[in-house]
Amino acid sequence: MPIEAPQLAAAPERSGWLNKLKAGLRKTSTGIAAVFVNAQIDDALYEELEEALLMADAGLNATEFVLDELRRRVKSNIATTPDQVRALLIDTVADLLRPLEKELVIGEHTPTVIMVAGVNGAGKTTSIGKLTKHLATEGASVLLAAADTFRAAAREQLLVWADRNTVEIVSQEGGDPAAVSFDAVKAGKARGKDVVLVDTAGRLPTQLHLMDELKKIKRVIGRADESAPHEVLLVIDGNTGQNALAQVKAFDQTLALTGLVVTKLDGTAKGGVLCAIARERPVPVYFIGVGEKLEDLETFNAREFARALLE
Numbered sequence: 012m013p014i015e016a017p018q019l020a021a022a023p024e025r026s027g028w029l030n031k032l033k034a035g036l037r038k039t040s041t042g043i044a045a046v047f048v049n050a051q052i053d054d055a056l057y058e059e060l061e062e063a064l065l066m067a068d069a070g071l072n073a074t075e076f077v078l079d080e081l082r083r084r085v086k087s088n089i090a091t092t093p094d095q096v097r098a099l100l101i102d103t104v105a106d107l108l109r110p111l112e113k114e115l116v117i118g119e120h121t122p123t124v125i126m127v128a129g130v131n132g133a134g135k136t137t138s139i140g141k142l143t144k145h146l147a148t149e150g151a152s153v154l155l156a157a158a159d160t161f162r163a164a165a166r167e168q169l170l171v172w173a174d175r176n177t178v179e180i181v182s183q184e185g186g187d188p189a190a191v192s193f194d195a196v197k198a199g200k201a202r203g204k205d206v207v208l209v210d211t212a213g214r215l216p217t218q219l220h221l222m223d224e225l226k227k228i229k230r231v232i233g234r235a236d237e238s239a240p241h242e243v244l245l246v247i248d249g250n251t252g253q254n255a256l257a258q259v260k261a262f263d264q265t266l267a268l269t270g271l272v273v274t275k276l277d278g279t280a281k282g283g284v285l286c287a288i289a290r291e292r293p294v295p296v297y298f299i300g301v302g303e304k305l306e307d308l309e310t311f312n313a314r315e316f317a318r319a320l321l322e
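Shown next, in the form of structure tokens:
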């Protein structure tokens, strides 16, 4: 029976999560709200919305698409008030983001091997700890692979997360990351684990030799299990704006990404970059994070995000 990643939590829990998300995206939602104060439904409104969306890191492509679609909906719905237009804007953005919704399903392979990449500082190793907590809560047995041997203290950081989550870990001090990954997948198979999470070294997409090493890790994982890796996730920092889109494109080209984890939507992030990703490189968003606590990682819901971004 497949184990699915956590779905919508009980109402009180999800309500608390939504409040955190709204607080995290307040910088953008406040700017959008200001556009609709005493507004007239005219060209000036759309121009102000354009500026607000660009300021929110939505990017030119997604902004033009949203505004064109909004104009069409305003006309077809005969919207005459700012509140009606704002509701249609939320609908438009939710529909744009909907292709990013996808469940992370565990159990079709034993173990399900998940390779996690990301640039230094994106919150990759912390996100792996949170993801481990999610999966363990759902009853999945998890094995961690400390293949981030490039960054000082990364192995120690993952050991802490393994201890907090009471899960096993495969690591070698100063070991070859591909070899660590290979050993972890073999160990996961031998021990009957549900999930093997491979933490790879953070690297910039401009560091071609390091990106080649990521390809090697993926290739070696395939030698340990010819169907693996089953998921290739990229962790992106929600504060980095259009740079996050550039990272998605580069890592997708190198690794064929299957999903994203968006972190640090905790007060300074603008959030609009997900619109740009949906428009230009719609890699599914499995999880979004709004803080440092283990429970501050949740499944992505397009309408919830659109409301938090725009209400």
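The sequence shown maps to residues 12 to 322 in the numbering used here. Backbone N, C-alpha and C fix where the C-beta goes; we use that ideal spot for every residue, glycine too.
Asked                                                                                                                             : Found
Identity of the residues DSSP links to Lys298 by a beta bridge                                                                    : According to the sequence displayed, residue 298 carries Phe and not Lys. Phe298 pairs with Val272 and Thr310.
Helix, strand or coil at Val48 [DSSP, three-state]                                                                                : coil
Contacts around Pro188, its chain only, beta-carbon distance under 8 Å, and the 5 residues preceding and following it disregarded : Ala158, Asp159, Thr160, Phe161, Thr211, Ala212, Glu224 and Ile228
His220, buried or exposed, once every other Cβ within 10 Å from all chains shown has been counted against 16                      : exposed
Ile89 burial status per 10 Å Cβ neighbour count (16 or more: buried)                                                              : exposed
DSSP state of Thr39 mapped onto helix, strand, coil                                                                               : helix
Cutoff 7 Å; reference Gln168; Cβ partners in own chain excluding five residues on either side                                     : Thr136
For Gly282 and Asp68, the rounded distance between their alpha carbons                                                            : 7 Å
Distance between Val77 and Lys86 (C-alpha atoms, nearest Å)                                                                       : 14 Å
Ala151 versus Thr143: straight-line alpha-carbon distance, rounded                                                                : 9 Å
Integer Cβ distance of Met66 from Gly42, believed to fall under 8 Å                                                               : 6 Å
Outcome for Gln18 when other beta-carbon atoms lying within 10 angstroms are tallied against a minimum of 16                      : Residue confidence for Gln18 is low, a pLDDT of 43 falling below 50, so the modelled location carries little weight; the figure read from the coordinates is stated next. Gln18 comes out exposed.
Simplified DSSP state of Val178, which is helix, strand or coil                                                                   : coil
Chain-order list of residues whose beta-carbon lies under 8 Å from that of Gly70 (same chain, five-residue window excluded)       : Gln253, Leu256, Gly283, Val284, Cys286, Ala287, Arg290 and Glu291
Reference Leu111, options Gly302, Leu305 and Leu268, closest by Cα                                                                : Leu268
Pair within 8 Å by beta-carbon distance, Phe262 and Val231                                                                        : no
Inter-residue spacing [alpha-carbon to alpha-carbon] between Phe311 and Lys113                                                    : 8 Å
Extent of the continuous beta strand (DSSP E) to which Leu155 belongs                                                             : Val153 to Ala158
Cβ contact (3+ pairs, closer than 8 Å) linking the segment 296-310 and the segment 123-132                                        : no
Pairwise C-alpha distance: Lys204 and Arg109                                                                                      : 32 Å
Test: Leu285 CB closer than 8 Å to a CB of chain B                                                                                : The chain labelled as chain B is not found in the depicted structure, where only one protein chain is given.
Helix, strand or coil at Glu322 according to DSSP, with G and I counted as helix                                                  : coil
Gly199 to Gly302 span [Cα, whole Å]                                                                                               : 30 Å
Segments assigned alpha helix (DSSP H), at least 4 residues, entirely inside the segment 89-162                                   : 93-108 and 135-148
Pairwise C-alpha distance: Ala156 and Ala105                                                                                      : 36 Å
Pairwise C-alpha distance: Val153 and Ile180                                                                                      : 9 Å
Cβ-based neighbour list, Val46, same chain, cut-off 8 Å, excluding 5 preceding and 5 following                                    : Leu56, Glu59, Leu60 and Ala63
Distance, Asp236 Cα to Ser182 Cα                                                                                                  : 19 Å
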